[in-house]
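Protein chains in written order, with my numbering: chain A, 1 to 245; chain B, 1001 to 1245.
Protein chains: 2
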Amino acid sequence: MPRFFMVGSNIAGGTLLITGADAEHAKVLRLKIGDRIIVCDGDKTDHHCTITKISHGEVEAEVVESVPCPAEPSVRCTILAGLPKQGERSDYIVQKCTESGASEIVFFLSQRCVAKPDAKGLEKKVQRWQRIAEEAAKQSGRGIIPAVSAVGSFAEALDIANKTELPLFMYETGDRVELKDAIAEAGSIRTAAILTGPEGGFEPFEAELARKIGFRICAMGPRILRCETAPLTALTALMFATGNL
Amino acid sequence: MPRFFMVGSNIAGGTLLITGADAEHAKVLRLKIGDRIIVCDGDKTDHHCTITKISHGEVEAEVVESVPCPAEPSVRCTILAGLPKQGERSDYIVQKCTESGASEIVFFLSQRCVAKPDAKGLEKKVQRWQRIAEEAAKQSGRGIIPAVSAVGSFAEALDIANKTELPLFMYETGDRVELKDAIAEAGSIRTAAILTGPEGGFEPFEAELARKIGFRICAMGPRILRCETAPLTALTALMFATGNL
């Protein structure tokens, strides 16, 4: 069923007004009076609606039923990824992690990041990523649009992750726990974070820092994963292990 | 460590000769006498070598130690994917599933496939996919290069999958078992197959056919996955659940 997000929202008295780009999209989809659509409030509630009126640039719909969006996982997981060199890799991380249930996606700059965009460059990228996240959220039936952001420093990323119940640091060498065990030992959790590096991985001191402030330093099996694959693999494993897949 | 595949192979008496494109690649990597490399036989054995001679177009190396490649999973999983409309999606399936431990990748044409390449078109695609698989196998440290192929019919794909111990059919609607339960109920297995559809999914009769010949019809959670994401998600879940991640 066609899905729209109306964050903030024009929902009042059981009637809802779709305008702007969404109304354009409704036109492209050739929606007619009587058609059913889902309008999600971006806060985990789906309004199942019937279209009642279509006018120039606006679509009016009546709410038939409002239900919790079934697609939202029980664990709120934040993905923190070292900014990849290639733009298509960051796009990929945003799209696939949205599809797979991430609640928030944060890019950061660490020691081995090759791309070092300035503030303006980053701002443009964030806008692009946010559009990709919205598209993926619609397509996969999410109840929120994951917020995408970029923080300048590795330290800031550590801080964000460390505020969750299960901060996981994906590392390819040294003293590590299996991801499976880290998740199992955490028991029933409501928040988690997955931190992965850029193409060249992390410096040893970065892993040590994370370990000292309470991250679980995790291995993800014997195969070397690309920087754009690692967050998705870890997220999928987390969703699977917590009954969200 | 730089990794090469020598299938069939020039290994004799502990000395090994790298020629052709691999020798070119060694040049690009600026390998020198004394450098360590891994040469995999493509059959799960890694030869750790030291380079002993570099001449015009050839690199000679001495085998120091031959060990089983640690990256090969205990479950041999065949990915069978309905051919996506967009070429980049099939490329993606090959690359990511190779990284994630697939043993074989087979594309098939089912009812809702939009792309219907002829035999010659398919042959060219298979060559391209095979190169992508080789690249991904090197990068991720695999002990084999997954064979990539294309079969014309859905029936043929069913037949291939059904020869494994755990044929899984990913379906987005109707009477299904959770992927998690299907894997758990299978117990200790050595082979499995994951069958996923093209962009438009499967026709109900296709799912029924699969069910009747013994497939487990599986759900993968409440989020709708793109056709290029679904095989990777299912494979990652299988690897995770069987201790291969």
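From the three backbone atoms N, C-alpha and C, an ideal C-beta is built for every residue, glycine too.
{"Check": "Local conformation of residue 166/A per DSSP, three classes", "Outcome": "strand"}
{"Check": "Cα-Cα separation, residue 47/A to residue 99/A", "Outcome": "20 Å"}
{"Check": "Per-residue contacts from residue 153/A into chain B (C-beta, under 9 Å)", "Outcome": "Residues of chain B passing the Cβ test: none, with the nearest at roughly 29 Å."}
{"Check": "The segment 107 to 116 of chain A in contact with the segment 80 to 96 of chain A per 3-pair CB rule at 8 Å", "Outcome": "yes"}
{"Check": "Coarse secondary structure for residue 1046/B, derived from DSSP in three states", "Outcome": "strand"}
{"Check": "Distance CB(residue 45/A)-CB(residue 69/A) smaller than 8 Å", "Outcome": "yes"}
{"Check": "Option in 1143/B, 1125/B, 1159/B with minimal Cα separation from residue 1149/B", "Outcome": "1125/B"}
{"Check": "Beta-bridge pairing of residue 107/A - partner residues as DSSP gives them", "Outcome": "81/A, 150/A"}
{"Check": "Cross-strand partners of residue 1053/B (DSSP beta bridge)", "Outcome": "1060/B"}
{"Check": "Sheet register partners of residue 1191/B (DSSP bridge)", "Outcome": "1076/B"}
{"Check": "Span separating the alpha-carbon of residue 1084/B from that of residue 1215/B", "Outcome": "22 Å"}
{"Check": "Neighbour-count burial assignment, residue 1239/B, 16 or more Cβ in a 10 Å radius", "Outcome": "buried"}
{"Check": "Cβ pair count under 8 Å reaching 3, the segment 169 to 183 of chain A against the segment 49 to 68 of chain A", "Outcome": "no"}
{"Check": "Distance between residue 1097/B and residue 1231/B (C-alpha atoms, nearest Å)", "Outcome": "7 Å"}
{"Check": "Residues that residue 96/A contacts on chain B, provided the C-beta gap is smaller than 7 Å", "Outcome": "1229"}
{"Check": "Exposed unless 16 or more other CB atoms sit within 10 angstroms - verdict on residue 1131/B", "Outcome": "exposed"}
{"Check": "Residue 18/A at chain B interface by Cβ criterion, 8 Å", "Outcome": "no"}
{"Check": "Rounded separation between residue 226/A and residue 1170/B - CA only", "Outcome": "25 Å"}
{"Check": "Reduced DSSP secondary structure (H/G/I, E/B, other) of residue 2/A", "Outcome": "coil"}
{"Check": "Same chain only: Cβ atoms within 8 Å of residue 1217/B, ignoring 5 sequence neighbours per side", "Outcome": "1169, 1171, 1174, 1175, 1176, 1177, 1207, 1210, 1211"}
{"Check": "Alpha carbon of residue 147/A to alpha carbon of residue 197/A, nearest angstrom", "Outcome": "20 Å"}
{"Check": "Contacting positions in the segment 1094 to 1124 of chain B - beta carbon closer than 8 Å to chain A", "Outcome": "1096, 1099, 1100, 1101"}
{"Check": "Min CB distance residue 216/A to chain B below 8 Å", "Outcome": "no"}
{"Check": "First through last residue of the alpha helix (DSSP H) which encompasses residue 234/A", "Outcome": "230 to 241"}
{"Check": "The segment 131 to 158 of chain A: positions lying closer than 9 Å to chain B by Cβ", "Outcome": "136, 139, 140, 141, 142"}
{"Check": "Chain-ordered chain A contacts of residue 1180/B [CB-CB under 8 Å]", "Outcome": "240, 243, 245"}
{"Check": "Paired residues, beta bridge with residue 17/A - DSSP", "Outcome": "60/A"}
{"Check": "Where the segment 1065 to 1084 of chain B meets chain A: residues whose CB sits under 9 Å from a CB there", "Outcome": "1069, 1070, 1071, 1072, 1073"}
{"Check": "Reference residue 195/A, options 233/A, 223/A, 32/A, 187/A, closest by Cα", "Outcome": "233/A"}
{"Check": "Residue 1196/B - partner residues in DSSP beta bridges", "Outcome": "1081/B"}
{"Check": "Delimiting residues of the alpha helix (DSSP H) encompassing residue 1131/B", "Outcome": "1119 to 1140"}
{"Check": "Contacts that residue 1237/B makes with chain A (C-beta to C-beta distance below 9 Å)", "Outcome": "236, 237, 239, 240, 245"}
{"Check": "Any C-beta of chain A under 8 Å from that of residue 1225/B", "Outcome": "yes"}
{"Check": "Bridge partners - residue 1160/B, DSSP secondary structure assignment", "Outcome": "Partner(s): none; residue 1160/B has no beta bridge."}
{"Check": "Chain A contacts from the segment 1186 to 1217 of chain B (Cβ-Cβ distance under 8 Å)", "Outcome": "none"}
{"Check": "Helix, strand or coil at residue 1088/B according to DSSP, with G and I counted as helix", "Outcome": "helix"}
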